[in-house]
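Asker: The numbering of the sequence shown is this note's numbering, which starts it at 65 and goes up by one.
Cβ atoms here follow ideal geometry from the backbone N, Cα and C, with glycine treated the same way.
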Amino acid sequence: MTLAIKESKEYLTYTMPSTSQDISRFIGGNVNEAACSTTGNVYFFKIPTENISPTVGFKALEDVVKKHEAIPSRAEALARARQKIAMQLTSDEKPTTLAELRLRAGYSQSKLALAIGNSQPSYSLIEMGRHDIMFTTFEKLVNILGVTRDELAQAVKNTKQQKG
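1. My understanding is that Ala169 touches Leu209, with C-beta atoms under 8 Å, so please give their C-beta distance in whole angstroms.
2. Is it right to say Leu167 is buried, meaning 16 or more other beta carbons lie within 10 angstroms of its own, or is it exposed?
3. Between which two residues does the alpha helix (DSSP H) carrying Tyr187 extend?
4. Where Asn182 and Gly121 are concerned, what is the direct C-alpha to C-alpha distance, given to the nearest angstrom?
5. Residues in the same chain with beta-carbon distance under 6 Å from Arg146, minus the five sequence neighbours each way, listed in chain order, please.
6. Does DSSP put Lys158 in a helix, a strand or coil?
7. Can you tell me whether Ile197 is helix, strand or coil according to DSSP?
8. Helix, strand or coil for Thr212 per DSSP?
9. Our contact map puts Glu191 next to Ala163 with C-beta atoms below 8 Å; I'd like the distance itself, whole angstroms only.
10. Determine, for Ser174, whether the minimum Cβ-Cβ distance to residues of chain B falls below 7 Å.
11. Alpha carbon to alpha carbon, how far is Val206 from Ala134? Give it in angstroms, no decimals.
12. Using only the alpha-carbon positions, how far apart do Ala141 and Val106 sit?
13. Return the residue from the list Phe199, Leu165, Thr212 and Glu126 that minimises the CA-CA distance to Lys148.
14. So Arg194 and Lys227 are in contact, right, with Cβ under 8 Å, and what is the actual spacing, rounded?
15. In angstroms with no decimal places, state the Cα-to-Cα distance between Pro159 and Ala219.
16. Can you give me the start and stop residues for the alpha helix (DSSP H) that Lys175 sits inside?
And the structure:
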């Protein structure tokens, strides 16, 4: 079964043929002839861009965690939970990554980013192996995570290889 899609004149935007010399050389002739000789259908759809609110009664996980981390006893419990998760993720066959070191130390990405003077999105890129670590950040991570420089360097290498 196929779904029929109808054109709507309301959304059509007309364009002029290109006058670029590069385009003329690429298509090997008259731009107007090339632009007019090609046939096809172009469909335009209106996609809502307004923010969709979360379902009533639900909260963002980040908001719940922030609320609990504001209470010292609950923050300690969350740190212990992260450490337990790290222990379950640890295996001799799997190389240690930055995420594992962070969890072992009981940090969330947000808390660790704050501790090293960085933003969570920026630290997330480091942890995914998509952003290099500056020397000062590396040194801060060594101290905060309680690991040696060699251990951290190996975790960074493993993280980047895992991304590959």
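Answerer: In terms of the structure at hand:
1. 5 Å
2. buried
3. DSSP places Tyr187 in the uninterrupted alpha helix (DSSP H) bounded by Gln184 to Glu191.
4. 32 Å
5. Leu167 and Gly170
6. coil
7. Three-state DSSP puts Ile197 in coil, outside helix and strand.
8. Shown here, Thr212 sits in coil according to DSSP, grouped into three states, outside any helix or strand.
9. 5 Å
10. Looking for chain B here will not work: only one protein chain is present.
11. 25 Å
12. Taking the straight line joining both Cα atoms gives about 56 Å.
13. Among Phe199, Leu165, Thr212 and Glu126, the Cα nearest to that of Lys148 belongs to Leu165.
14. 7 Å
15. Taking the straight line from one Cα to the other gives about 8 Å.
16. Gln173 to Ala179
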